[in-house]
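Novice: Residue numbers (the numbering used here): 2 to 288.
(1) State the start and end residues of the unbroken alpha helix (DSSP H) segment that holds residue 166.
(2) Look up residue 123 in the DSSP assignment and say whether it is helix, strand or coil.
(3) Closest to residue 60 by C-alpha separation, out of 183, 23, 135 and 268, would be which residue?
(4) Give me the residue from 80, 117 and 179 with the minimum Cα distance to residue 103.
(5) On the premise that residue 151 lies in contact with residue 179, defined as a C-beta separation below 8 Å, what is that separation, rounded to the nearest angstrom?
(6) How do the stretch 83 to 92 and the stretch 55 to 70 stand: do at least 3 beta-carbon pairs fall below 8 Å, yes or no?
(7) In this structure, how does DSSP classify residue 173 when only helix, strand and coil are distinguished?
(8) Is the beta carbon of residue 82 sitting closer than 8 Å to the one on residue 110?
(9) Report yes if the CB atom of residue 263 is closer than 8 Å to the CB atom of residue 244, and no otherwise.
(10) So, using beta-carbon positions, are residue 1 and residue 267 closer together than 8 Å?
(11) Just to confirm before moving on: does the CB-CB distance between residue 1 and residue 198 stay below 8 Å?
(12) Taking just the CA atoms, how far does residue 238 sit from residue 183?
(13) Quick check: what's the CA-CA separation for residue 40 versus residue 105?
(14) Taking DSSP as the reference, what is the three-state secondary structure of residue 8?
(15) Taking its Cβ as the centre, do 16 or more other Cβ atoms sit within 10 Å of residue 149, making it buried, or is it exposed?
(16) Candidates 112, 154 and 143: which alpha carbon is nearest residue 124's?
(17) Go through its chain and collect everything with a Cβ distance to residue 207's Cβ below 6 Å, but skip five positions before and after it.
(18) Measure the CB-CB distance between residue 211 and residue 234 and report whether it falls below 8 Å.
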């Protein structure tokens, strides 16, 4: 392989990782116009990633055509970046087409397709695909549950969560946090059951799950249980969102003095208050 191209590919990756997507495209065009350099699969996959993040559909279509002409579509990482491109462009038809052309789709291929389906309203199709996947991969199921929860399909998300649990497929922190966020006063028993699952699986060590549990208990009007979750987790798990959830929850239940103490503690542990923190604290002031 051309050593110059290797170095340029590294630079492309560095630019993309640092979110300098426009510069990534500029460098790609320089490589493409060179008389002695030819973009390879790594050049194309990195540039496709930058294009996807820019939502630059015309540039993405041109790169797709280049991938087809060069024969690099056979490489999984190139095909998967094409999937990401069309998913981020909300072009579900193209996502499906690219997916169907992948001979051996991997976990990333499946999760990208299913996430695109849930994000763009084709939830029934996503649920149908779950039964067609050769292996019941936890990442794929978690992607569908999270996608349904984030896009307003609460009943579907909860149903899939229960089905996944019955099948013995392991949940991840994303699906647990997403389903916990759906728990309202009518789902207290379900929420406490998930809390038990969280404890058994060790996901209290993940900030997103802890924060979702705290918020859930405040939604139930149960400050005691919210405090218990907060106190039972390691300090390293607590982030700004954790403290914001505690402060906002305490204010919502009229526990203004406790909210202000939590605000002071937040600063004592070295966490900087956010705009949301100040909005909640100001809401507890009598003036």
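Glycine residues also receive a C-beta, built at the ideal position from the N, C-alpha and C atoms.
Specialist: With the structure as the only source:
(1) Counted from its first residue, the chain shown places residue 166 at position 165. First-last of the alpha helix (DSSP H) with residue 166: 155 to 168.
(2) As a working note, residue 123 is residue 122 in the chain shown. Note: residue 123 maps to coil in three-state DSSP.
(3) The residue you call residue 60 lines up with position 59 of the chain shown. Of 183, 23, 135 and 268, the residue nearest in Cα terms is 23.
(4) The residue you call residue 103 lines up with position 102 of the chain shown. Checked all of 80, 117 and 179; the closest Cα to residue 103 is 80.
(5) Walking along the chain shown from the start, residue 179 turns up at place 178. Walking along the chain shown from the start, residue 151 turns up at place 150. Yes, they are in contact, since the Cβ atoms of residue 179 and residue 151 sit about 6 Å apart, within 8 Å.
(6) yes
(7) Walking along the chain shown from the start, residue 173 turns up at place 172. Correct three-state label for residue 173: coil.
(8) Residue mapping note: residue 82 aligns to position 81 of the chain shown, counting from 1. Residue mapping note: residue 110 aligns to position 109 of the chain shown, counting from 1. No; because the gap between Cβ atoms is not below 8 Å, this pair is not in contact.
(9) The residue given as residue 263 occupies position 262 in the chain shown. The residue given as residue 244 occupies position 243 in the chain shown. Yes. Within cutoff.
(10) Here the chain has residues from 2 to 288 only, and residue 1 is not among them.
(11) The requested residue 1 is not part of the displayed model; the chain covers only 2 to 288.
(12) Indexing the chain shown from 1 puts residue 183 at position 182. Indexing the chain shown from 1 puts residue 238 at position 237. Spanning the two alpha carbons is a distance of roughly 22 Å.
(13) Taking the first residue of the chain shown as position 1, residue 40 is located at position 39. Taking the first residue of the chain shown as position 1, residue 105 is located at position 104. Going from the Cα of residue 40 to the Cα of residue 105 covers about 24 Å.
(14) Counting from 1 along the chain shown, the entry for residue 8 is found at position 7. If DSSP states are grouped into helix, strand and coil, residue 8 belongs with the helices.
(15) Here the question's residue 149 lines up with position 148 in the chain shown. By the neighbour-count rule (16 or more Cβ atoms within 10 Å), residue 149 is buried.
(16) Reading the chain shown from its first residue, position 123 is the one you call residue 124. Here the closest residue by C-alpha is 154.
(17) Along the chain shown, one-based indexing puts residue 207 at 206. For residue 207, where only same-chain residues beyond five positions count, the Cβ hits under 6 Å are 174.
(18) Counting from one through the chain shown, the residue named residue 211 turns up at place 210. Counting from one through the chain shown, the residue named residue 234 turns up at place 233. Closer than 8 Å, so yes.
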